[in-house]
Amino acid sequence: MGNKVTKFSSFQVASRQVASGILLITVYCLLLTACGLANPPRLATATAQAAFTPTPSPEPLILTVATPTAVPGTTPNAQPAQADPNPSITVWVNETSGAHEAMLDEMAANFSAEYNVDVEMVLVSPQILPELVNTAVLSNTLPDIILHPLEYSVGWAERGVFDTAANAEALAQLGPDTFNPDALALVQTRAGQPAALPNSGFHQLIIYRTDWFEQRNLAVPNSFAALAAAAQAITDRDNLISGFVVPTESNLVTTQQIFEQMALATGCQLVDEAGELKLLEPACSEALNFYYTLINQNSPIGVQTDTSTRNAYLAGRTGLIMGPPSLLPQLAGLDPAALPRCPECAAAPDFLAQNSGFVTDLNGAEFGNMSLLGITTGAERETAVLFTTYWFNQGYDQWLSVDPERKVPMRLGTQAAPRQFIDGWGSQPLAGSSQTLESLYGAEVVATLRDGIATTGRWGLPQGQGELMTTLYEELTLSIVLQEMLSGYFSTDTSIIEAYNRTIELIPNYAFPNLTEE
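Read in order, the letters of the sequence shown correspond to residues 3 to 520 in this note's numbering.
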């Protein structure tokens, strides 16, 4: 069979991953409906989606590494002996960049050479991963291992996608004490097993222009009051300067994540341990009102995306954004595809890197993202456990070397070197350059970006409601409501009720007050 790296882009699914033509049509239809919005959203969101044009994606690329199967001792006239095929394993990875493709191809080849196991790495666009997994469950075509975001770990384990006993076996072989204990606690199922193994993570950041803040004598934007005051002081619509820009598109996970952090900053929890929704609590209304006012008064008109948010900051058109650490190399001019274009950047390409500050907490609330490696119930356990332990040992440095700015290791080290991975973070070269996070931003920023990712608050997980959170993120329920509100379709008072009612619709046999029945 050999080793392969296959790319699944946002609007293409390779036919070999589904069991029949009917399933192909199913996946195709799911992708055309913006990857997961099973029911058409309300009017404002539907209008925005109709205007959405996907970025063209390249054809799926398959790289093959031949595995020797020749049998010595045969003669031209003899019937060649049939070599037993190598065992094989399929791994879905929610990364699609060329750098990840090359790294994963090398990892697969190294693993195959050492263990005579063929590896197919399937690079899946994060946008289609939930639908692809759900389709694979229905068609009994799950891969052996899935690299996925934190939002899905516990929910998929509770649904039977992940083999928690196999993940526990891999964890035992690696040593639970070599992992971040807070990360392990976040993904523990109700049965006390790990839903998946924590891989790497990053903080959601507030990024701001320190030079503009100094000129206006503004406080660090780590509270609602400071954030609102700074956004208002910087907004200059006559000169096309926005005070605050964040993604607001209903198709984006980040839209929901940004509001989740603001909600946590007021003490708003989505649900309690008993399963009762808490969205109608005053703290949640406070968060929604703050979110609406901040964006409505200080952001550009129209729907924003991750790309438009980044571009506004790179162009010097805003003083405040929220986003991932993947922006940090771009601020320094290290990414040719996203170069700084601010007025000062022509003379100093790293101007934004030298004049930006980074905040991880808002009113004391932080928001951490993690990726996890999960062995599925469709896996051949022994081979999957073998590959998982390889990933976190021989392959781990390879994984951390690509886009290291957003890959704080959740496995801190090995039994022999307990802090091998975590202590080295921040000193890896960025974007193929000689620069590192530490050389660009200093040791203090590295510590801020590195520490506390798994101790940040996340809705639902501490309360044991991981399956609800998985469903909420698969459906992007709150992203839809938030965009509808910002589009003028609902008031803030109506929006919080809409969010409550639509979330209840995701909970079978909801046992608490339901506004839809009143």
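Each residue gets a CB set at the ideal place from its N, CA and C atoms; glycine is no exception.
For Lys9 versus Glu122, is the C-beta spacing smaller than 9 Å?
-> What you label residue 9 is simply residue 7 of the sequence shown in a count that begins at 1. What you label residue 122 is simply residue 120 of the sequence shown in a count that begins at 1. Cβ atoms of Lys9 and Glu122: not closer than 9 Å.
To which residues does DSSP link Thr180 through a beta bridge?
-> As a position in the sequence shown, residue 180 is number 178, starting the count at 1. Answer is none; Thr180 lacks a bridge partner.
Short Cβ contact (9 Å threshold) for Tyr475 with Pro200 = The count along the sequence shown starts at 1 and reaches residue 475 at position 473. The count along the sequence shown starts at 1 and reaches residue 200 at position 198. No, the pair does not count as a contact, with Cβ atoms beyond the cut-off.
Cβ-Cβ distance between Met324 and Ile208 below 9 Å | The residue labelled residue 324 in the question sits at position 322 within the sequence shown. The residue labelled residue 208 in the question sits at position 206 within the sequence shown. In contact: Met324 and Ile208 (Cβ atoms closer than 9 Å).
Kindly indicate which three-state DSSP category Asn96 falls into: helix, strand or coil?
-> One-based indexing of the sequence shown puts residue 96 at position 94. Reduced to three states, the DSSP call for Asn96 is coil.
If we count the other Cβ atoms within 10 Å of its Cβ and call it buried at 16 or more, is Glu97 buried or exposed?
-> The residue given as residue 97 occupies position 95 in the sequence shown. It is buried - the Cβ of Glu97 has at least 16 other Cβ atoms within 10 Å.
In this structure, does DSSP put Pro411 in helix, strand or coil?
-> Position 409 of the sequence shown, counted from the start, is the residue given in the question as residue 411. Pro411: strand per DSSP, three-state reduction.
Buried or exposed (CB count within 10 angstroms, at least 16 for buried), Asp120 = In the sequence shown, counting from the first residue as 1, residue 120 sits at position 118. Buried, by the Cβ-count rule.
Would you list the one or two residues that DSSP bridges to His150?
-> Locating residue 150 in the sequence shown gives position 148, where the first residue counts as 1. DSSP, once it has assigned bridges, lists Leu374 as partnering His150.
Which ranges would you report for the beta strand (DSSP E) in the region 338-392 if only whole runs of at least 3 residues count?
-> 358-361, 370-377
Buried or exposed (CB count within 10 angstroms, at least 16 for buried), Phe514 | Mapped onto the sequence shown, residue 514 falls at position 512. Exposed, by the Cβ-count rule.
So is Glu278 buried or exposed if we call it buried at 16+ other beta carbons inside 10 Å?
-> Sequence index remark: in the sequence shown, residue 278 carries index 276 (1-based). When all chains shown are included, Glu278 counts as exposed.
Are there 16 or more other CB atoms within 10 angstroms of the CB of Asn219, so buried, or fewer, so exposed?
-> Numbered from its first residue, the sequence shown carries residue 219 at position 217. When all chains shown are included, Asn219 counts as exposed.
Distance, Thr307 Cα to Leu32 Cα | Along the sequence shown, read from residue 1 onward, the residue named residue 32 stands at position 30. Along the sequence shown, read from residue 1 onward, the residue named residue 307 stands at position 305. Residue placement at Leu32 is poorly supported in this model, since its pLDDT is 42, which falls under 50; the coordinates still yield a value, given next. Cα-Cα distance, rounded: 21 Å.
Hey, how far is the Cα of Asp453 from the Cα of Leu329?
-> Here the question's residue 453 lines up with position 451 in the sequence shown. Here the question's residue 329 lines up with position 327 in the sequence shown. One C-alpha to the other measures close to 18 Å.
Pick out whichever of Leu484, Pro420, Tyr293, Ala340 has its Cα sitting closest to the Cα of Arg504.
-> Locating residue 504 in the sequence shown gives position 502, counting from the first residue. Of the candidates Leu484, Pro420, Tyr293, Ala340, the one whose C-alpha sits nearest the C-alpha of Arg504 is Leu484.
So what's Ser22 in DSSP terms, helix, strand or just coil?
-> Taking the first residue of the sequence shown as 1, we reach residue 22 at position 20. In this prediction, Ser22 scores a pLDDT of 38, lower than 50, which makes its location untrustworthy; the coordinate-derived value is nonetheless stated afterwards. Three-state result, Ser22: coil.
Going by beta carbon distance, what residues of the same chain come within less than 8 Å of Leu144, once the five residues before and after it are set aside?
-> Indexing the sequence shown from 1 puts residue 144 at position 142. The answer, listed in chain order, is Val135, Ala138, Val163, Thr378, Thr379, Gly380, Ala381.
Local conformation of Leu207 per DSSP, three classes = Along the sequence shown, read from residue 1 onward, the residue named residue 207 stands at position 205. Three-state DSSP puts Leu207 in a strand.
Closest by CA to Gln437, which one among Gln259, Ala334, Asn253, Thr92?
-> Within the sequence shown, numbered from 1, the residue matching residue 437 stands at position 435. It is Ala334 whose Cα lies nearest to the Cα of Gln437.
Gln422 in three-state terms, based on DSSP | On the sequence shown, position 420 is the one that residue 422 refers to. Of the three classes helix, strand and coil, the one that applies to Gln422 here is helix, per DSSP.
How about the region 416-424 and the region 295-304: do they share at least three Cβ pairs that are nearer than 8 Å?
-> no
What's the call for Ser493, buried or exposed, on a 16-neighbour Cβ count within 10 Å?
-> In the sequence shown, counting from the first residue as 1, residue 493 sits at position 491. Per the 10 Å Cβ criterion, exposed.
Exposed or buried, which one is Asp146 when buried takes at least 16 other CB atoms within 10 Å?
-> Looking up residue 146 in the sequence shown gives position 144. Buried.
For the region 443-489, which segments carrying the alpha helix (DSSP H) assignment without a break, of at least 4 residues, lie completely within its bounds, in sequence order?
-> 445-452, 468-477, 479-488
Return yes when the Cβ of Leu439 is within less than 9 Å of the Cβ of Glu407, no when it is not.
-> For the purposes of this step, residue 407 is identified with residue 405 of the sequence shown, where counting begins at 1. For the purposes of this step, residue 439 is identified with residue 437 of the sequence shown, where counting begins at 1. Cβ distance < 9 Å, so Glu407 and Leu439 count as in contact.
Integer Cβ distance of Thr320 from Ile243, believed to fall under 8 Å = Here the question's residue 320 lines up with position 318 in the sequence shown. Here the question's residue 243 lines up with position 241 in the sequence shown. Going by Cβ atoms, the distance from Thr320 to Ile243 rounds to 7 Å, so yes, they are a contact pair.
Can you find at least 3 beta carbon pairs, one from the region 250-266 and one from the region 357-367, that sit closer than 8 Å?
-> yes
Can you list, in chain order, the residues of its chain whose CB lies under 6 Å from that of Thr268, leaving out five sequence neighbours each side?
-> Residue 268 sits at position 266 when you count from the first residue of the sequence shown. Within the same chain, Thr268 has close Cβ partners Ala285, Glu288, Ala289.
Is there contact between the region 248-255 and the region 382-400, where contact requires at least three CB pairs shorter than 8 Å?
-> no
Same chain, Cβ closer than 6 Å to Gly157, five either side skipped, listed in chain order = Here residue 157 corresponds to residue number 155 of the sequence shown, with the count starting at 1. So the list reads Gly468, Glu469, Thr472, once near-sequence residues are dropped.
Reducing DSSP to helix, strand and coil, say where Phe1 ends up.
-> The structure shown does not extend to residue 1, since the chain is modelled only from 3 through 520, so no value can be given for it.
Can the beta-carbon of Leu375 be found closer than 9 Å to that of Leu149?
-> Here the question's residue 375 lines up with position 373 in the sequence shown. Here the question's residue 149 lines up with position 147 in the sequence shown. Yes, the pair counts as a contact, with Cβ atoms nearer than the cut-off.
For Ile303, count neighbouring Cβ atoms within 10 angstroms of its own Cβ and tell me buried if that reaches 16, exposed if not.
-> Within the sequence shown, numbered from 1, the residue matching residue 303 stands at position 301. Answer is exposed; the Cβ neighbour count stays below 16.
Host alpha helix (DSSP H) of Asp495 (start-end) = Within the sequence shown, the letter at position 493 stands for residue 495. That run of the alpha helix (DSSP H) goes 494-506.
With distances taken between CB atoms, is the gap from Pro326 to Phe204 smaller than 9 Å?
-> Translated into the one-based positions of the sequence shown, residue 326 becomes position 324. Translated into the one-based positions of the sequence shown, residue 204 becomes position 202. It is a contact, given that the beta carbons lie within the stated cut-off.
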